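Numbering (my numbering), first residue to last: 5 to 277.
All residues carry an ideal CB built from backbone N, CA and C; glycine is no exception.
Owing to the predicted nature of the structure, the values given are computational and were not obtained by experimental measurement.
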C-alpha cells in the first residue's frame, strides 16, 4: 500500500479543469478505484484538507479551518452515468466558502477526496415513459441536467427534452457550446439560454429576463413547441431557491404537483443553497 493511501484521505485525481470564467469551473475527477454506479441527477461528495491552498480572491477564513480537518461538500454530477473513467462537476466560486476556494486552486494532477457513493433523488427515473422533460436551471444548477442529457439523449430519441438556463451574462452560460451542438444534432432537444443583464451584454441574441418572467411569457412553449402541461411533461427546477419558489408557484397554478417522498409528482426540485 502506498504512503499516500495510508496517510491521506485523498483517493482521486484531477484529470481535467476548464475555467468558464474566474467564478465558474468544470472539474473532472478520476477515482483511484473503480467508479461507483450512479443515476443522472445524483450528487457526490468532494473533499479537501484544511491545509489545502485557497485561491487569492477568497476572503480570509475566520476562524481558519483546522489543517488536518477534511472539508466535504456535495456537488451534482455533470458527467454521463455511462462514463466509467471519471466524474465531472460544474462549480461556482463562493469566495467566503470553505471548500470551493480550495477546489478552484486545484490543478491537473492535484489530489482530493471523493466520497464512496452517489446519493440523491433528483432523478428522471420516476418520470413516465414518453413524457417530455423540461429542465430549468440558474447557474451551476445546470450540472445534473448535463448528466441527464449525456446519458439519455443517446437512446431516447422520441422523448422531448427542453433546457431553459438562466445566468446574468452570456459568459456565465457554461456548457453553451455543447448544448448548442446537441440541439443541432438531436431534433428532440431544445436549448434556451437566457440572461438577465442584456444592457451589459449587448452582443447576446437570445431571450432575456428572469426565468419566472419567461415562464409567464410562455417562452418555453413558443420556442420549443413543448406544452407546460402536467399530463405530457415533468419539470425539473435546480439552482437559486428564489427562482425555484417563484416558478414552482407558477407551475402549481397550472396543475403541476411537487414530487417528494412516496408521492410522485410532476415538479422535481433541487435547491443549491
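Per DSSP, cross-strand counterpart(s) of residue i
i           : result
residue 25  : 28
residue 187 : Residue 187 is not bridged to any residue.
residue 34  : 17
residue 77  : 50
residue 195 : 167
residue 112 : Its beta-bridge partners do not exist; DSSP assigns none.
residue 274 : 242
residue 141 : 169 and 242
Rounded Cβ spacing between residue i and residue j (contact assumed at less than 8 Å)
i           : j           : result
residue 198 : residue 164 : Actually they are not in contact, since the Cβ atoms of residue 198 and residue 164 sit about 19 Å apart, beyond 8 Å.
residue 262 : residue 155 : Not quite, the Cβ-Cβ distance comes to about 24 Å (not below 8 Å), so this is no contact.
residue 37  : residue 90  : So it is not a contact: roughly 13 Å between Cβ atoms.
residue 205 : residue 25  : The Cβ separation is near 13 Å, so there is no contact.
residue 264 : residue 240 : Contact flag wrong, Cβ pair sits at about 13 Å.
residue 146 : residue 179 : 6 Å
residue 245 : residue 274 : Not quite, the Cβ-Cβ distance comes to about 10 Å (not below 8 Å), so this is no contact.
residue 30  : residue 92  : 6 Å
For residue i, the first and last residue of its enclosing alpha helix (DSSP H)
i           : result
residue 243 : Premise fails: residue 243 lies in the beta strand (DSSP E), 237-243, not in any alpha helix (DSSP H).
residue 262 : No alpha helix (DSSP H) holds residue 262; DSSP gives it neither H nor E.
residue 115 : No alpha helix (DSSP H) holds residue 115; the beta strand (DSSP E) holding it covers 115-118.
residue 224 : 223-228
residue 151 : 147-156
residue 104 : 104-107
Sub-8 Å separation of residue i and residue j beta-carbons
i           : j           : result
residue 49  : residue 116 : no
residue 306 : residue 53  : No statement about residue 306 is possible, as the shown extent of the chain runs from 5 to 277 and does not include it.
residue 168 : residue 232 : no
residue 58  : residue 105 : yes
residue 213 : residue 200 : yes
residue 243 : residue 142 : yes
residue 131 : residue 228 : no
residue 221 : residue 192 : no
Cβ-based neighbour list, residue i, same chain, cut-off 7 Å, excluding 5 preceding and 5 following
i           : result
residue 113 : 17 and 18
residue 45  : 124, 126, 127, 128, 148, 151 and 152
Close-in-space but distant-in-sequence residues of the same chain around residue i (CB under 8 Å, 5 per side omitted)
i           : result
residue 88  : 38 and 39
residue 216 : 247, 250, 251 and 254
residue 5   : Annotation note: pLDDT 41 at residue 5 (below 50); position unreliable, coordinate value reported separately. Contacts found: none.
residue 13  : 51, 53, 74 and 117
residue 258 : 232, 233 and 234
residue 9   : Because the pLDDT at residue 9 is just 46, under 50, the model does not fix this residue reliably, and the value given afterwards should be weighed accordingly. Only 15 and 36 meet the Cβ criterion.
Unbroken beta strand (DSSP E) run spanning residue i, endpoints
i           : result
residue 219 : Element bounds for residue 219: not the beta strand (DSSP E) but the alpha helix (DSSP H), 215-220.
residue 94  : 91-96
residue 232 : Premise fails: residue 232 is in no beta strand (DSSP E) and is neither H nor E.
residue 132 : Element bounds for residue 132: n/a, residue is neither H nor E.
Own chain, CB closer than 6 Å to residue i, minus 5 neighbours either side, in chain order
i           : result
residue 7   : With a pLDDT of 40 at residue 7, under the threshold of 50, the modelled position of that residue is not reliable, and the figure given next carries that caveat. For residue 7, where only same-chain residues beyond five positions count, there are no Cβ hits under 6 Å.
residue 230 : 136, 164 and 166
residue 22  : 30
residue 267 : none
residue 108 : 29, 59 and 97
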